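Following: one structure in structure tokens, then a few remarks.
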Amino acid sequence: MVKEIERFGLPVVHVCTVVPISMTVGANRIVPAVAIPHPFGNPALDVKEEKALRRKLVEKAMKALQTEIETQTVIE
Amino acid sequence: MKLELGKVFIEDVQFGESTHLDGRILVIDHAELLEAVSGDEHLWKIRVDLAHPGESVRITPVKDVIEPRVKVKGHGGIFPGMLSKVDTVGNGRTHAMKNVAVVTAGKVVGFQEGIIDMSGIGADYTPFSKTHNVVITAEPKAGIKPHDHEAALRTLGLKAAAYLGQAVKDVEPDEIKTYETLAPREAAQLYPELPRVGYVYMLQTQGLLHDTYVYGVDAKKIVPTIMYPTEIMDGAIVSGNCVSACDKNPTYVHLNNPIIEDLYEEHGKTLNFMGVIITNENVTLADKERSSNWTAKLTEFLGLDGAIVSQEGFGNPDTDLIMNCRKIEEKGIKTVIVTDEYAGRDGASQSLADADPKANAVITNGNANEVIVLPPMNRLIGTTAYVDSCAGGFDGSLRSDGSIEVEIQAITGATNETGFVHLSADAY
Amino acid sequence: MAKKKVVHYLNQFFAGIGGEEKADMPPELREGVIGPGMALNTALGEEAEIVATIVCGDSYFNENPEISKQKILEMIKPFEPDLFLAGPAFNAGRYGVACATVAWLVQEELKIPALTGMYIENPGADLFRKAVYIVETGNSAATMRKAVPGMVSLAKKLLHGEPIGLPAEEGYIPRGIRRNVFKEERGSRRAVNMLLAKLKGDDYQTEYAMPDFDRVPPADAVGDLSHLKIALVTSGGIVPKTNPDRVESSSASKFGKYSIEGVEDLTAEEYETAHGGYDPVYANEDPDRVMPLDVLRDMEREGIIGHIHEFFYSTVGNGTSVGNSRAFGIRIGKELREAGVDAVLLTST
């Protein structure tokens, strides 16, 4: 899916937990997520902390969209 | 252009009084042969040995292998531009001495010379274990430059083949095959219902002793051009190559190019064989782009529907192969490419240095990195001093008992990329 | 003669322990045979038996790979098995990755032959086909009866150290290992035959398949986000409550497109996940954990991001075929392009 969208010239950042699968399916900008059932959260944290964590991850994803890359890249 | 190729099938080779055929036995006057090939200021200690199929003999380092041929009728002589004048050859009649090969060997020229075993497992991998080999070894004189050494040894082999070829000049051949190719316009009209097919013949031309000669011209200095296939049967293309033994084209293979033979076999039946486009494998990107643009242009120019493209060597020529394939396919002309693989000793690496989805019809002549152990042989022609350092060899290749552990890359003709042999590779 | 020993690996589901709610269970060792192990054990017959089964939750394995690997190896070692079997995993992505990873690990670390089975499109197959024997199975557990004989026949060959034949003969997914072979016809003749077939439009088999190039060159990076329109796409199955388009929980055949105009936050009251491949509790509690709309709205308000595209797209990645995913991507990409979207955040579980 990610590959086909990018084919239209739109940069896609793929935020996911199982990075090797993302590599296999051909995503170019990959940002590792927290966990499979809650990629953008952590139920162990309180609401405020969890949102701060999510904010950080989203910022990282936005940063990835602004990063020039040559080939598939995992942006930590 | 029409050539009758008369084949004389030789059953044995022996030394004797004068060089002639005794029935189907080739008798060689040892002294006269030496006389015919000597005279080069760069070489000395020239000797001639015979090696027969099935014997416990190892020949190494092998430089070139050449089939003796002689021009009987028609323009020019054999190996034009090298031994004979530069007349355009390929018409009339030529006689070929089958089952015999001149093999040049001796002190290594380019560190990439090969091995021919006449028996044992190694014999299965080289086509030249099935020929009676007249092996000529020569030592370079001190201080000789490598390219002078190469040229001297190359000429020596051609002279020997031409000399031996004389012995079948006046013999009635056992078989005569007629090959004819017309100029494009007539050729297209001849079988209008059959697909028009050409052969793109890539020649190794990387310089530094990786060279091929066409009518005496160093092929790295040519732009791609069109040839009648029969010109090549008369020795218009000659090897000056000291690259990996497994996938270089010895002069023997140029003379007997199997893609040309097999396309002629189908000519007029299932396809219309229009001719050969020769091209090179040069070292700069601009050269690669120009040559591949030209091959594609010439396939279009000939009005082809399909083309077979064969490679010589490996590594950056993989790029030439893929460029040729892609650009010809982009003209709407269907291709099959013929190559070999360097997939690592375990066969797990990527086989080619370059790739393209348009290369969807590939013939492979095997993985050159596969390792085998060649058993000790009773007799050695040449020297095993270079086995560890030749392409395909490694430190410790030569064992104390005389056996050799090498990649098949070191075996002359093992993965020849004109499809001269039966070796291939499967995906497991 | 003593029977040879086999250790088997299963996930929580095939071990009969539970579904996604149990997917976070750490590795456990069970003596003897469980679930699909029964059929495998029967087919192994007199030659070998499954002496132990290791069960591990799919989420646990994929989220804690290092601990899982270490624990699983420690569990297997004492049995000194002659063979290790994992799965079959069919088209379960995380299970497939786990099976293949463990099989590879056992083969490399313990030097014990290992084998697994799965559907060819399982990401586990893509990741490990070169390294381990993976028997090709159907895409769902309904094909278990067909999968067992294939796995067992290859297992027996591995147990005996017999040479393994071509992928098509043995039923495993091609590993891409190149092995030399002498063919009946010389190369030039095969080339002529292939060209004739290609010219006629007949079937032919290339002797060397080009490596997979289906990679898309990265799109250019975007500049200042404050003028740009960002779209949200997820394979985590986030949908309006009650799943109006009935996006399937696995092997999705469709995707949903939903307006988030005026939506500030994805709440448990309004949204849920349709995904059947992971524990849905966390996503249902707060769907922002899968698709972080709340944070993006904050950033939009703060002027960091221009705006969020009016629609989001959602499907379920679980077991969905490559073909379907491609088709979804093409349609979504086209719509986004036409809507003037500048960049895409795609989230997966």
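Chains as they are written, first to last, in the numbering used here: chain A, 14 to 89; chain F, 5 to 432; chain U, 39 to 387.
All C-beta atoms in this analysis are idealised placements derived from N, C-alpha and C, irrespective of residue type, glycine included.
Model, not experiment: these values are computed from the prediction.
The alpha helix (DSSP H) enclosing residue i, as first and last residue numbers
i	result
Glu270/F	Pro262 to Glu270
Asn320/F	Looking at the DSSP string, Asn320/F is not in any alpha helix (DSSP H), and its letter there is neither H nor E.
Thr159/F	Pro150 to Gly169
Asp332/U	Leu331 to Arg339
Tyr320/U	Val319 to Glu323
Pro74/U	Pro74 to Leu82
beta-carbon residue i near the ligand GDP non-hydrogen atom, thresh 7 angstroms
i	result
Asp392/F	This structure lacks the ligand GDP; in fact it carries no ligand of any kind.
Beta-carbon neighbours of residue i, restricted to chain F and to distances below 8 angstroms
i	result
Tyr157/U	Neighbours of Tyr157/U on chain F: none; closest Cβ ~20 angstroms, over 8 angstroms.
Assigned secondary structure, residue i (DSSP; H/G/I helix, E/B strand, else coil)
i	result
Asp291/F	helix
Ile298/U	coil
Cys250/F	helix
Phe21/A	coil
Glu409/F	strand
His27/A	strand
Ala389/F	coil
Phe19/F	strand
Ile105/U	helix
Met5/F	coil
Tyr256/F	helix
Glu348/U	strand
Ser314/F	strand
Asp68/F	strand
Pro256/U	coil
Ser133/F	helix
Tyr98/U	helix
Ile281/F	strand
Lys14/F	Residue 14/F is actually Ile in this sequence, not Lys. In this structure, Ile14/F counts as coil in the three-state DSSP scheme.
Val285/U	coil
Ser243/F	strand
Neighbour list for residue i in chain U, Cβ cutoff strictly below 9 angstroms
i	result
Lys338/F	Leu233, Lys236 and Leu237
Leu58/A	By Cβ distance, chain U contributes nothing, its closest Cβ being about 11 angstroms from Leu58/A, past 9 angstroms.
Residues that residue i contacts on chain U, provided the C-beta gap is smaller than 7 angstroms
i	result
Ala48/A	Glu101
Thr283/F	By Cβ distance, chain U contributes nothing, its closest Cβ being about 17 angstroms from Thr283/F, past 7 angstroms.
Pro262/F	Arg224 and Ser226
Pro342/F	The amino acid occupying residue 342/F in the given sequence is Val; Pro does not appear at that position. Near Val342/F (Cβ distances below 7 angstroms), the residues of chain U are Gly225 and Ala229.
Residue range of the beta strand (DSSP E) that includes residue i
i	result
Glu87/U	Ala86 to Cys94
Met101/F	Gly96 to Lys102
Arg51/F	Leu47 to Ala55
Val38/A	Here Val38/A belongs to no beta strand (DSSP E); instead the alpha helix (DSSP H) covers Val32 to Val38.
Tyr346/F	No beta strand (DSSP E) contains Tyr346/F, which DSSP labels as neither H nor E.
Contacts of residue i in chain F (Cβ-Cβ under 7 angstroms)
i	result
Met189/U	Going along chain F, no residue has its Cβ under 7 angstroms from Met189/U, so there is no contact; the nearest lies around 18 angstroms.
Arg213/U	Tyr432
Chain-ordered neighbours of residue i on chain U, where CB pairs are closer than 8 angstroms
i	result
Gln354/F	Pro249
Asn426/F	According to the sequence as given, residue 426/F is His; it is not Asn. Simply Phe220, Lys221, Glu222, Glu223, Arg224 and Gly225.
Val71/A	Pro330, Val333, Leu334, Met337 and Leu383
Pro52/A	Gly274, Arg327, Val328, Thr385, Ser386 and Thr387
Glu345/F	Arg216 and Tyr246
Lys61/A	Going along chain U, no residue has its Cβ under 8 angstroms from Lys61/A, so there is no contact; the nearest lies around 12 angstroms.
Val32/A	By Cβ distance, chain U contributes nothing, its closest Cβ being about 10 angstroms from Val32/A, past 8 angstroms.
Val26/A	Ala381, Val382, Leu383 and Leu384
Chain-ordered neighbours of residue i on chain A, where CB pairs are closer than 7 angstroms
i	result
Val379/U	Leu23
Arg68/U	Those do not exist, as Arg68/U stays about 24 angstroms from chain A at its closest Cβ, beyond 7 angstroms.
Residue i at chain C interface by Cβ criterion, 8 angstroms
i	result
Gly396/F	As a matter of chain content, chain C is missing from the structure shown, whose protein chains are A, F and U.
Contact list for residue i against chain F, beta-carbon separation under 9 angstroms
i	result
Lys168/U	Ala352
Contact list for residue i against chain A, beta-carbon separation under 9 angstroms
i	result
Pro161/U	Val31, Pro33, Ile34, Thr37 and Val38
Using a Cβ-Cβ cut-off of less than 7 angstroms, give me the residues of the stretch 313-344 of chain U that come near chain F, in sequence order. none
Note down, in chain order, all residues in the stretch 216-234 of chain U with a beta-carbon under 8 angstroms from any beta-carbon belonging to chain F. Arg216, Arg217, Asn218, Val219, Phe220, Lys221, Glu222, Glu223, Arg224, Gly225, Ser226, Arg227, Arg228, Ala229, Val230, Met232, Leu233 and Leu234
Residues from the stretch 361-383 of chain F in contact with chain U, defined by Cβ distance under 8 angstroms: Pro361, Ala363, Asn364, Ala365, Val366, Ile367, Thr368, Asn369, Gly370, Asn371 and Glu374
For a minimum of 4 consecutive residues, which ranges assigned as the alpha helix (DSSP H) are wholly contained in the stretch 183-231 of chain F? 188-194
Closer than 7 angstroms, Cβ to any Cβ of chain U: which residues of the stretch 291-317 of chain F, in chain order? Asp309, Gly310 and Ile312
Using a beta-carbon distance cut-off of less than 9 angstroms, what residues from the stretch 63-90 of chain F approach chain U? none
Between the stretch 175-205 of chain U and chain F, which residues of the former have a C-beta closer than 9 angstroms to a C-beta of the latter? Ile202, Gly203, Leu204 and Pro205
According to a CB-to-CB cut-off of less than 9 angstroms, which residues of the stretch 255-279 of chain F neighbour chain U? Asn261, Pro262, Ile263, Ile264, Glu265, Asp266, Leu267, Glu269, Glu270, Thr274 and Leu275
Residues in the stretch 400-423 of chain F with C-beta within 7 angstroms of chain U's C-beta atoms, listed in sequence order? Thr422 and Gly423
According to a CB-to-CB cut-off of less than 8 angstroms, which residues of the stretch 242-272 of chain U neighbour chain F? Tyr242, Thr244, Glu245, Tyr246, Ala247, Met248, Pro249 and Phe251
Tell me which residues of the stretch 192-214 of chain F have at least one Cβ-Cβ distance to chain U shorter than 8 angstroms, keeping chain order. Pro199 and Val201
Complete runs of the alpha helix (DSSP H) confined to the stretch 162-243 of chain U [at least 4 residues]: 182-198, 205-208 and 225-238
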